[in-house]
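Numbering (the working numbering), first residue to last: 79 to 243.
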């Protein structure tokens with residue numbers, strides 16, 4: 079903040095660009111109430127379950143909570159999930175783990191799509207640019223999460239059918 083005030087007052091920075099050293103990597107995923115398979119169409123509804131990931135190098139910025147109603151009037155952003163790591167591989171792995179741990183049910187989100195990106199071989203080795211989504215349309219074939227209740231009902235129906243009930 080001190081440097082921001084100094085810059086606003088017309089003073090030079092205390093450090094030169096040559097003195098800046100890069101330390102690690104970071105990835106941010108915008109967790110939106112959107113449907114990537116439908117041109118990122120905004121989705122509304124009520125959050126029925128919420129648990130954010132955590133740990134070293136994991137940060138969540140957002141205001142979503144259980145029973146939050148996603149309105150149709152504003153930006154679909156629910157939270158920003160940011161991870162940091164010493165290496166690119168560590169950072170991608172940390173983001174993948176964080177997305178797997180993220181529980182946000184009741185509305186469609188970008189979480190499954192982000193998980194698909196984190197598992198893409200090109201992304202994992204850092205081979206991407208601004209045309210990445212256009213050149214990787216297969217990323218939109220991800221598997222949507224299913225509500226736990228739906229899985230229980232499907233399993234019960236399969237068992238009943240198998241047993242002839």
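In this text, a Cβ means the ideal position worked out from N, Cα and C, and glycines have one as well.
Selected residue, minimal CA-CA separation from residue i, among the options
i	options	result
residue 151	216, 111, 96	111
residue 105	204, 144, 221	204
residue 115	166, 187, 200, 163	187
residue 178	169, 83, 241, 192	192
residue 165	131, 100, 145, 210	100
Residue i - DSSP class collapsed to helix/strand/coil
i	result
residue 128	strand
residue 112	strand
residue 90	coil
residue 181	strand
residue 215	helix
residue 170	helix
residue 82	helix
residue 234	helix
residue 176	helix
residue 134	coil
Rounded Cβ spacing between residue i and residue j (contact assumed at less than 8 Å)
i	j	result
residue 123	residue 163	Not quite, the Cβ-Cβ distance comes to about 33 Å (not below 8 Å), so this is no contact.
residue 182	residue 128	6 Å
residue 190	residue 221	7 Å
residue 148	residue 121	7 Å
Residues that DSSP places opposite residue i in a beta bridge
i	result
residue 139	158
residue 105	161
residue 204	Paired residues: none, contrary to the question.
residue 250	Since the first residue of the chain shown is 79 and the last is 243, residue 250 is not available in this structure.
C-beta neighbour in chain B for residue i, strict 8 Å
i	result
residue 103	The structure shown contains no chain B; it is built from a single protein chain.
- Task: Check whether the region 190–205 touches the region 160–175, counting contact only when three or more Cβ pairs, one atom from each stretch, lie closer than 8 Å.
- Result: Yes: at least three Cβ pairs fall under 8 Å.
- Query: Using 8 Å as the Cβ pair cut-off and three pairs as the minimum, do the region 154–163 and the region 130–138 touch?
  - Reply: Verdict: yes, contact present.
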